[in-house]
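Below is one structure, written out as structure tokens; comments come after it.
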Amino acid sequence: MHEEPGQGVRGEVDGHHVAVGKAAWAGQGDPSWVAQVRGRAAVRGAITVFVGVDGRLAGVLLLQDRVRPDAARTFRLLRRTGIDRAVMVAVVRAESARAPTVMVGDGVNDAPALAAAGVGVALGARGASASSQAADVVITVDRLERLAEALAIARRTQAVAGQSVLAGMGLSLAAMVVAAFGLLTPAVGAVVQEGIDVAAILGALRALGPGRDRLPRLRGDAADLVRRLDEEHRALWPRVERLPALADAVTGPSPEERRAAVAELTGLLDDLLAHERTDEQLLYPAVARTLGGADPTGTMSREHEEIAALARRVRLLCAELGADPADDTPGEFRRSVQELHAILRLHFAQEEESYFVLADAPGDRSRETGNIPPGV
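The opening position of the sequence shown corresponds to residue 0 in numbering that gives the first Met the number 0, with each subsequent residue numbered one higher.
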């Protein structure tokens, strides 16, 4: 196997010359197909890695990084703490020259940037040890939002410490003025000074409190439930992503493919509705108690109703396709499946960002891969 920087890797597999990398480097192929694949990848927000066999393009991999569920919340919290510029970058020397810079990373390639930044922060739960060694701060859980929380805690602690110092000095100065006029005897002055010290210490203990910006946390059985449901999300995500393909197969010409697609679709709907019932009956009440307020999960419960209605419609249309369908049934079936696919993607993302982040260390879903054979 040989690697060419900036191009890809190549080697021999079962007597065939295989290259994986850029299209022009991996092999020759139909330019229209290459353009079609790149267009589809752009729509999905993915990058393309082409596979060539014996000098001809044979396929392509679509690689896509999903945004971390806690990313949006983290950026909102960082902006509230005064961070005015956030960029995705691996070289921070120019940024560090302009202003104090914080670099967050978890990979081996992040280590130099972490060392060059004003403050390097490594995600140590799943990251490489090299990044942890180069960083100034290591977050020991796989939660990006803990960066914003740590910054808020530091600023709150600094503010509380400053207030306690000023309050203690101010009270001591006032006591000294009173004593200067002979209104405090030495014994009483000593007692007053001890009281001032105790008051300053008690005031400083406010730093141990949660503060207004601290996120509520699910504990105990509720946190365990979130982790279990997160694992179910991880299992359901790739199946949900197959919904458009299943819709095409169910309405396709091949009887064998139709039967297999109907069985797969039925199994997915059964598992999906069972998962949503668990959400509604167990997770949402626990989240509502933690968040407080008037019906904090109401909008998400409404989405559950819509998902159930769409699933019921898909089942009915699927059954109609197997009997004597009307002319518009295949199109209506595909539209219903596409609607279900869209709302599930949105609903899963909302749950992960808003609710799953309330429990520590759910699983990491950082990389999805897919493939498109030539001519599709």
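Even glycine gets a Cβ: it sits at the ideal position worked out from N, Cα and C.
Within 10 angstroms of the Cβ of residue i, are there 16 or more other Cβ atoms? Answer buried if so, exposed if not.
i      : result
Ile306 : buried
Val102 : Here residue 102 is Met; the residue named in the question, Val, does not match the sequence. Classification for Met102: buried.
Arg36  : The amino acid at residue 36 is misidentified as Arg; the sequence shows Val. Burial call: buried.
Gln27  : exposed
Ala25  : buried
Gly362 : Because Gly362 sits at a pLDDT of 43, beneath the cut-off of 50, its placement in the model cannot be relied upon, and the point is left open.
Gly20  : buried
Thr298 : exposed
Arg155 : buried
Val249 : buried
Arg233 : exposed
Val286 : buried
Asp278 : buried
Ile200 : exposed
Ala116 : buried
Thr184 : exposed
Arg218 : exposed
Val13  : Correcting the residue type first, residue 13 is Asp in the shown sequence and not Val. By the neighbour-count rule (16 or more Cβ atoms within 10 Å), Asp13 is not buried but exposed.
Helix, strand or coil for residue i per DSSP?
i      : result
Asp64  : strand
Val356 : helix
Ala45  : coil
Met299 : helix
Gln157 : helix
Val164 : helix
Arg216 : coil
Arg205 : helix
Ile342 : helix
Ala85  : coil
Leu122 : strand
Ala418 : No information on residue 418 is available, as it lies outside the stretch 0 to 375 that the chain covers here.
Gly10  : strand
Ala98  : coil
Gly51  : strand
Gly58  : strand
Ala325 : coil
Leu147 : Note on residue identity: the sequence assigns Ala, not Leu, to residue 147. If DSSP states are grouped into helix, strand and coil, Ala147 belongs with the helices.
Ala18  : strand
Should residue i and residue j be called a contact, given that it needs their Cβ atoms to be closer than 8 Å?
i      : j      : result
His15  : Asp69  : no
Pro215 : Thr328 : no
Ala390 : Gln337 : Look at the range of the chain in this structure, 0 to 375, and you will see that residue 390 is not part of it.
Ala45  : Leu61  : yes
Leu343 : Val239 : yes
Gly202 : Gln162 : yes
Leu309 : Leu339 : yes
Arg257 : Gly266 : no
Leu268 : Arg314 : yes
Ala206 : Val159 : yes
His274 : Glu302 : no
Leu264 : Cys317 : yes
Taking 7 Å as the limit between beta carbons, can you name the residues of its chain near residue i, skipping five residues before and five after?
i      : result
Ala134 : Leu113, Gly119, Val120, Ala121
Ala85  : Phe74, Leu77
Ala147 : Thr73, Leu76, Leu77, Thr80
Ser300 : Glu279, Tyr283
Pro99  : Gly117
Gly104 : Ala112, Leu113, Ala121, Ser130
Gln349 : Met299
Once the 5 residues before and after residue i are set aside, which same chain residues still bring their CB inside 8 Å of it?
i      : result
Val136 : Val118, Gly119, Val120, Ala121, Ala149
Ser198 : A quick correction: the sequence has Ala, not Ser, at residue 198. For Ala198, where only same-chain residues beyond five positions count, the Cβ hits under 8 Å are Ala166, Gly167, Leu170.
Val8   : Met0, His1, Glu2, Ala18, Val19, Gly20
Ile195 : Gly167, Leu170, Ser171, Ala174
Tell me which residue opens and which closes the alpha helix (DSSP H) that residue i is part of.
i      : result
Val261 : 254-277
Leu113 : 110-115
Arg142 : Taken as a continuous stretch (DSSP letters only), Arg142 belongs to no alpha helix (DSSP H), as it is neither H nor E.
Arg241 : Unbroken run through Arg241: none, as it is neither H nor E.
Phe180 : Element bounds for Phe180: n/a, residue is neither H nor E.
Pro284 : 283-290
Thr250 : Here Thr250 belongs to no alpha helix (DSSP H), and DSSP marks it neither H nor E.
Thr73  : 70-79
In terms of residue numbering, what span does the beta strand (DSSP E) encompassing residue i cover?
i      : result
Val103 : 101-104
Ala23  : Unbroken run through Ala23 is the alpha helix (DSSP H), 22-25; no beta strand (DSSP E).
So, for residue i: in the same chain, excluding its five sequence neighbours on each side, which residues have a beta-carbon less than 6 Å away from its beta-carbon?
i      : result
Ala222 : Ala358
Asp109 : Ser130
Val191 : Ala174
Gly188 : Ala178
Ala22  : Val33, Phe49
Glu351 : Pro68
Glu11  : none
Pro295 : Ala287
Arg39  : none
Tyr354 : Val286
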